[in-house]
Amino acid sequence: MNNGVKRLRGLSLNEKTEAIGRERAAFTSEMPHLMVVVHPSYIHPGSTKSIPMSFAREHLKARDGDAILSRE
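In the working numbering, the protein residues as written are 4 to 75.
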């Protein structure tokens, strides 16, 4: 059944690897940061996101704060 919505083709593993590599090379910051790939289906009200424990232990030492999600 065609409802007029075009389904996008997913990226191959090689395409994903290349895209992440380009983004990693282009991004710079003096602040601690990490990159996490988040698919659109993972984002909805009330959802939570996880970050690597090693990053949290090193950079978030028992401090409350906000995280900024950026669509770059």
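Just so it is clear, CB atoms sit at the ideal spot from N, CA and C, and this is done for glycine as well.
These numbers were taken from a predicted model, which means no experiment stands behind them.
Through-space distance from residue j to residue i, alpha-carbon basis
i   : j   : result
F51 : I71 : The residue asked about is misnamed: residue 51 is Thr in this sequence, not Phe. If you take the alpha carbons of T51 and I71, they lie about 13 Å apart.
R12 : D67 : 39 Å
E18 : F30 : 18 Å
K9  : G49 : 28 Å
S44 : S15 : 18 Å
A28 : H62 : 22 Å
Under 8 Å between C-beta atoms of residue i and residue j
i   : j   : result
I23 : V40 : yes
E26 : M38 : yes
Sequence-distant residues of the same chain with beta carbon closer than 7 Å to residue i, five excluded per side
i   : result
H36 : none
F58 : L37
heavy atom of the ligand NAP below 7 Å from residue i C-beta
i   : result
A28 : Questions concerning the ligand NAP fall outside what the structure shown contains, since it holds no ligand whatsoever.
| message | Ignoring anything shorter than 4 residues, give me the alpha helix (DSSP H) runs that lie fully in the segment 15-47, in order along the chain. | response | Runs of alpha helix (DSSP H) with 4 or more residues, each lying fully within the segment 15-47, are found at 16-29, listed in chain order.
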